[in-house]
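What follows is a set of notes on a single structure, which appears directly below.
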Amino acid sequence: MSAGVGVNLEDLWIKFGDFVAVREANVNINGGDFFSFLGPSGCGKTTILRAVSGFLEPSQGNVLIGGNNMKGIGPNKRPTALIFQNLALFPLMKVWENITFSMEIKGASAKERRKRADELLDMIALTGQGDKLPAELSGGQKQRVAIARALCAEPDVLLLDEPLSALDLKLRQHMRSELREIQKRVGITFIYITHDQGEALTMSDNIAVMRAGVIDQIGDGKTIYNDPMTPFAASFVGENNVFRGRVKQVSGNEVMVTTNRSGDLMARVANGTEGRLKEGDEAMLFIRPEAFSLAPVGTQGDHFVTAQVTKEEFEGNTFNIFMEGDGGKEIKVALPNLGQSFESHQGEAMTLEYQVRNAVALPAGVLATE
Amino acid sequence: MKNFSLMRISIWVYLALFFSYLLGPLVIMSVTAFNSPGFPRAAPWECLTFEWFSALFQDERILNGIKNSILVGVGTVTLSVSMGLAGALMLTQIWPKLRATYYTIIIAPILIPGVVIGISTLVFWDRVNRMFGLDADSFLSNGLFLTIIGQSTFIASYCMLVLVARLQRYDTGLTEAALDLGATHAQAFRKVLLPFMRPAIASAAVLAFLASFENYNTTTFTFGEYPTLTIELAQKVRYGITPAISALAFIIVLLTVFAALFNEAHIRRKELVAAARKSATVEELGSGNFRLPGFLSSNTAAVVLVVVAMMTIAVVGSATVYSPQQCIADVKEQKRMETEVRIQELRQRRADEAARRAAEQADQAEQEPAVEAAPKPSNNSGFGGVFAPGALQDDGADASEEEPEKPGNDSGFGSVFDPNALQSE
Numbered sequence: 001m002s003a004g005v006g007v008n009l010e011d012l013w014i015k016f017g018d019f020v021a022v023r024e025a026n027v028n029i030n031g032g033d034f035f036s037f038l039g040p041s042g043c044g045k046t047t048i049l050r051a052v053s054g055f056l057e058p059s060q061g062n063v064l065i066g067g068n069n070m071k072g073i074g075p076n077k078r079p080t081a082l083i084f085q086n087l088a089l090f091p092l093m094k095v096w097e098n099i100t101f102s103m104e105i106k107g108a109s110a111k112e113r114r115k116r117a118d119e120l121l122d123m124i125a126l127t128g129q130g131d132k133l134p135a136e137l138s139g140g141q142k143q144r145v146a147i148a149r150a151l152c153a154e155p156d157v158l159l160l161d162e163p164l165s166a167l168d169l170k171l172r173q174h175m176r177s178e179l180r181e182i183q184k185r186v187g188i189t190f191i192y193i194t195h196d197q198g199e200a201l202t203m204s205d206n207i208a209v210m211r212a213g214v215i216d217q218i219g220d221g222k223t224i225y226n227d228p229m230t231p232f233a234a235s236f237v238g239e240n241n242v243f244r245g246r247v248k249q250v251s252g253n254e255v256m257v258t259t260n261r262s263g264d265l266m267a268r269v270a271n272g273t274e275g276r277l278k279e280g281d282e283a284m285l286f287i288r289p290e291a292f293s294l295a296p297v298g299t300q301g302d303h304f305v306t307a308q309v310t311k312e313e314f315e316g317n318t319f320n321i322f323m324e325g326d327g328g329k330e331i332k333v334a335l336p337n338l339g340q341s342f343e344s345h346q347g348e349a350m351t352l353e354y355q356v357r358n359a360v361a362l363p364a365g366v367l368a369t370e
Numbered sequence: 001m002k003n004f005s006l007m008r009i010s011i012w013v014y015l016a017l018f019f020s021y022l023l024g025p026l027v028i029m030s031v032t033a034f035n036s037p038g039f040p041r042a043a044p045w046e047c048l049t050f051e052w053f054s055a056l057f058q059d060e061r062i063l064n065g066i067k068n069s070i071l072v073g074v075g076t077v078t079l080s081v082s083m084g085l086a087g088a089l090m091l092t093q094i095w096p097k098l099r100a101t102y103y104t105i106i107i108a109p110i111l112i113p114g115v116v117i118g119i120s121t122l123v124f125w126d127r128v129n130r131m132f133g134l135d136a137d138s139f140l141s142n143g144l145f146l147t148i149i150g151q152s153t154f155i156a157s158y159c160m161l162v163l164v165a166r167l168q169r170y171d172t173g174l175t176e177a178a179l180d181l182g183a184t185h186a187q188a189f190r191k192v193l194l195p196f197m198r199p200a201i202a203s204a205a206v207l208a209f210l211a212s213f214e215n216y217n218t219t220t221f222t223f224g225e226y227p228t229l230t231i232e233l234a235q236k237v238r239y240g241i242t243p244a245i246s247a248l249a250f251i252i253v254l255l256t257v258f259a260a261l262f263n264e265a266h267i268r269r270k271e272l273v274a275a276a277r278k279s280a281t282v283e284e285l286g287s288g289n290f291r292l293p294g295f296l297s298s299n300t301a302a303v304v305l306v307v308v309a310m311m312t313i314a315v316v317g318s319a320t321v322y323s324p325q326q327c328i329a330d331v332k333e334q335k336r337m338e339t340e341v342r343i344q345e346l347r348q349r350r351a352d353e354a355a356r357r358a359a360e361q362a363d364q365a366e367q368e369p370a371v372e373a374a375p376k377p378s379n380n381s382g383f384g385g386v387f388a389p390g391a392l393q394d395d396g397a398d399a400s401e402e403e404p405e406k407p408g409n410d411s412g413f414g415s416v417f418d419p420n421a422l423q424s425e
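Sequences listed follow chains A and B, in order.
Numbering-wise (the numbering used here), the first sequence opens with residue 1 and increments by one.
Numbering-wise (the numbering used here), the second sequence opens with residue 1 and increments by one.
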């Protein structure tokens with residue numbers, strides 16, 4: 001990967017009146033990275049993007065692009081290009097005029113622009129469609145035109161504001177790999193905003209998980225999925241079963257938690273949170289649906305849970321079993337479909353087993369709301 | 001079923017009534033432009049003539065009025081469209097809490113009577129003029145300047161309404177996208193916002209021009225030495241109306257019809273081209289083999305436009321060779337004969353009357369001495385004796401003779417305010 005231009009956010013605060021949209025953000029984005037901000041809508045991720053692109057002045061702190069402080073520099077002077085959520089293609093310009101708008105601004109001749117447009121159209125696999133109007137393109141094609149238009153400006157940093165949210169599922173999956181492909185080819189830094197954890201996990205080198213203006217955790221996809229550092233990150237990225245309780249005993253990297261409804265359960269401490277849980281602390285224990293397997297009914301132990309089956313679902317790649325433990329505790333289990341036969345256990349009690357390394361204990365905190 | 005057909009008939013009757021109410025006066029007036037009598041009327045039809053058109057084009061005042069109207073129109077369009085655009089942009093940018101207040105203020109000129117705007121324009125700029133210590137013939141008291149300024153005060157509000165409607169559909173993200181791609185604010189405005197606003201600007205300009213062209217209330221105070229067409233027409237009509245004005249109206253109607261048809265044909269053609277583009281394949285578009293639909297194909301408005309244009313050319317062509325002199329002479333001759341017949345009848349009746357009177361007088365003469373009744377000189381005109389040279393003098397003399405004798409009171413109240421009226425009772 002070529003060394004692109006990095007972006008640093010230093011103690012960044014953005015306030016709208018009394019409302020704090022972004023609180024104390026410190027992020028280092030390496031040059032050439034595909035970096036995602038992941039969070040629910042309204043968490044301030046778009047605000048950060050607008051601060052990087054220059055449409056918003058931070059209330060406090062600095063945005064550095066390639067080491068240069070961007071304070072007081074307008075959006076048209078920054079080496080960034082933004083791909084808008086609604087794409088914002090110029091409706092009255094043809095596709096090739098849209099793509100080369102940044103050249104027109106600089107006074108390039110129509111011939112030069114046409115040539116560059118044709119190159120970029122080849123790159124986004126829209127050869128020969130330059131004379132169409134944006135309204136005559138399909139959603140995915142518009143998407144690619146927007147990317148080509150941004151790339152034509154030869155930015156050091158490309159900012160993408162949920163660009164795939166308006167597409168249907170198939171196209172979204174296709175565009176994911178295409179975006180990653182383009183990013184690898186051009187080698188510039190991509191900053192990607194999304195609320196879709198699947199997008200963030202599949203495409204990004206690094207991800208920042210955001211909640212209500214605060215960055216909870218920064219790390220690569222594997223780290224965030226396997227070693228969430230906050231209950232929010234654990235519950236927002238992927239699915240998780242939560243068991244609330246109190247720490248009974250800490251032994252090295254393993255913790256015994258007395259859960260409120262499911263007895264004593266063992267879990268491991270996530271990397272980076274060592275030493276934060278003490279005996280008697282309120283804790284949350286997270287076990288992913290796919291971490292469970294079936295055990296003989298009634299088995300007791302610190303990594304077994306028994307509950308009643310309330311609903312069964314066949315999803316194709318997995319069998320989903322929804323269970324209810326003591327006091328209405330809901331548990332979701334996803335068993336991989338490996339061709340084995342499944343009998344319905346509707347209404348019956350079942351015992352689940354998990355590996356202690358697949359369960360994570362964290363200090364109690366805010367969860368992501370569905 | 002019967003009810004249904006009754007319903008249909010009443011709808012058609014209603015439509016006929018509605019359109020005759022709407023277009024009837026225009027049709028009648030257009031007909032009068034081609035009829036030869038000196039007072040505009042459609043019936044009785046006398047002779048087909050085009051002389052009113054030539055009369056129109058020889059009328060210096062009308063031509064001058066048209067010229068001034070166009071000058072004022074162009075000035076008003078420029079000023080009010082740019083003010084309207086600025087106002088509309090401001091409305092979308094302004095702090096939301098102020099928006100309603102700002103909107104009310106900027107719409108207010110539409111609600112203020114044109115007369116008030118006219119007077120206030122005149123007074124205000126006169127003050128400004130004096131403040132700068134300028135003469136009465138300075139630029140600030142120039143009729144053209146004042147009329148443009150005065151009309152623009154309220155026409156700009158109309159323009160703003162038209163422009164705001166379009167601006168509300170504008171995605172400010174487009175401006176941001178342009179800025180993000182390196183454009184300056186001016187470039188973003190010129191290359192992105194302005195092209196988007198173009199259709200609305202065109203409508204606003206047409207609206208402003210028409211509003212300026214037909215304006216009378218405001219202009220009547222401000223025109224100074226630059227009377228516009230409406231002013232000239234109003235002044236002319238005060239001294240009697242000729243079919244030349246109908247001819248002018250006819251030309252305006254015709255131009256309007258042309259403009260409407262042209263616009264309609266243009267829109268229809270755009271739709272057809274868009275439809276053709278949509279159905280064309282990528283290869284056709286790319287290879288340049290893409291064929292645009294013909295101008296006249298399935299475009300009713302274009303066909304009508306061409307037909308009307310050809311009819312106009314035919315009429316103008318025949319007008320240059322057609323001479324109604326023979327017809328006019330015939331009609332004159334016919335009228336003369338009719339008049340003669342009527343005079344004959346009148347004479348006959350008078351002779352009969354005279355004979356009857358003579359007989360009565362002869363009867364009376366037997367009882368009283370004959371009084372010589374000197375007959376007044378007869379006057380056949382419809383105005384009675386008002387144009388007789390001596391009529392006014394006579395009246396004056398009569399009045400002065402009568403006045404001292406009459407203690408009368410001319411007021412509508414009779415003598416109720418007479419101080420003696422109550423006492424005497």
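Quick reminder that beta carbons are idealized off the backbone N, C-alpha and C, glycines included.
Because the structure is a prediction, the values reported are computed rather than measured.
In the DSSP assignment, asparagine 98 of chain A falls within the alpha helix (DSSP H) that extends over 95-99. Short of 7 angstroms from the beta carbon of asparagine 206 of chain A, and not among the five residues preceding or following it, lie these beta carbons of its own chain, in chain order: Asp33, Phe35, Ile218, Gly219, Asp220. With a cutoff of 8 angstroms on beta-carbon distance, glycine 213 of chain A and valine 7 of chain A are scored as not near each other. By the Cβ neighbour-count rule, asparagine 260 of chain A is exposed, with fewer than 16 other Cβ atoms within 10 Å of its own. According to DSSP, alanine 25 of chain A shares a beta bridge with A:Leu12. The Cβ-Cβ distance between phenylalanine 232 of chain A and glycine 130 of chain A does not fall below 8 angstroms. Of the residues assessed, proline 155 of chain A falls on the buried side of the cut-off, its CB having 16 or more other CB atoms within 10 angstroms.
Contact check for threonine 218 of chain B and glycine 118 of chain B: beta-carbon distance about 4 angstroms, within the 8 angstroms limit, so the pair qualifies. For the segment 172-258 of chain A, the continuous beta strand (DSSP E) assignments of 3+ residues that do not extend past its boundaries occur at 189-194, 206-211, 214-219, 241-251, in sequence order. Put simply, the CB of phenylalanine 190 of chain A is far from chain B, with every gap to its CB atoms at 8 angstroms or more.
Serine 102 of chain A has its alpha-carbon roughly 56 angstroms from the corresponding atom of glutamate 60 of chain B. Less than 8 angstroms divides the Cβ of asparagine 68 of chain B from the Cβ of threonine 228 of chain B. Not one beta carbon of chain A lies nearer than 8 angstroms to the beta carbon of proline 227 of chain B.
A direct Cα-to-Cα measurement between valine 206 of chain B and threonine 32 of chain B gives close to 29 angstroms. A distance below 7 angstroms between beta-carbons, with the five flanking residues on each side excluded, links isoleucine 147 of chain A to the following residues of its chain, in chain order: Ile83, Ile124, Ile182. In this structure, the straight-line span from the alpha carbon of serine 251 of chain A to that of isoleucine 188 of chain A is close to 45 angstroms. Sequence-ordered contacts of the segment 68-81 of chain A with chain B read Gly74, Pro75, Asn76, Lys77, Arg78, Thr80, Ala81 [C-beta pairs closer than 9 angstroms].
Between the segment 172-179 of chain B and the segment 102-109 of chain B there are fewer than three inter-stretch CB-CB distances shorter than 8 angstroms, so the stretches are not counted as touching. Distance between phenylalanine 39 of chain B and threonine 242 of chain B, taken at the CA atoms: about 5 angstroms. Restricting attention to A:Arg276, A:Arg149, A:Glu279, A:Lys170, the CA atom closest to the CA of leucine 179 of chain B is found in A:Arg149.
Inter-residue distance for glutamate 136 of chain A and glutamine 143 of chain A is about 13 angstroms (C-alpha atoms, whole angstroms).
With fewer than 16 neighbouring CB atoms inside 10 Å of its own CB, alanine 16 of chain B falls in the exposed class. Counting only Cβ-Cβ distances below 8 angstroms, serine 53 of chain A has contacts in chain B at Asp180, in chain order. Put simply, the CB of valine 192 of chain B is near chain A, with a gap under 8 angstroms to one of its CB atoms. For serine 36 of chain B, the secondary structure class from DSSP, reduced to helix, strand or coil, is coil. Take alanine 283 of chain A, set aside five residues on each side of it, and the residues of its chain with a beta-carbon closer than 8 angstroms to its own are Arg244, Gly245, Arg246, Val247, Val255, Val257, Leu277, Ala361, Leu362, Pro363, Ala364, in chain order. Phenylalanine 322 of chain A is bridged by DSSP to A:Lys311, A:Lys332. Near chain B, meaning a CB-to-CB distance below 8 angstroms, the residues of the segment 98-110 of chain A are Phe101, Ser102, Glu104, Ile105, Lys106.
Nothing from the segment 25-39 of chain B brings a Cβ to less than 9 angstroms from some Cβ of chain A.
Taking each of A:Ile215, A:Phe292, A:Phe314 in turn and checking the Cα distance to serine 341 of chain A, the smallest one comes out for A:Phe314. Nearest to isoleucine 191 of chain A by alpha-carbon distance, out of A:Asn69, A:Thr47, A:Arg288, is A:Thr47.
If you look at asparagine 68 of chain B, you'll find it in the alpha helix (DSSP H) that goes 60-93.
Under the three-state reduction of DSSP output, proline 289 of chain A falls in the helix class. Looking from the CA of phenylalanine 55 of chain A, the closest CA among A:Ala368, A:Asp227, A:Leu159, A:Glu279 belongs to A:Leu159. Ranking B:Gln334, B:Gly65, B:Gln361, B:Leu89 by CA distance to the CA of leucine 194 of chain B puts B:Leu89 first. Listed along chain A, the residues sitting closer than 7 angstroms to glycine 173 of chain B by beta-carbon distance are Phe84, Asn86, Ala88.
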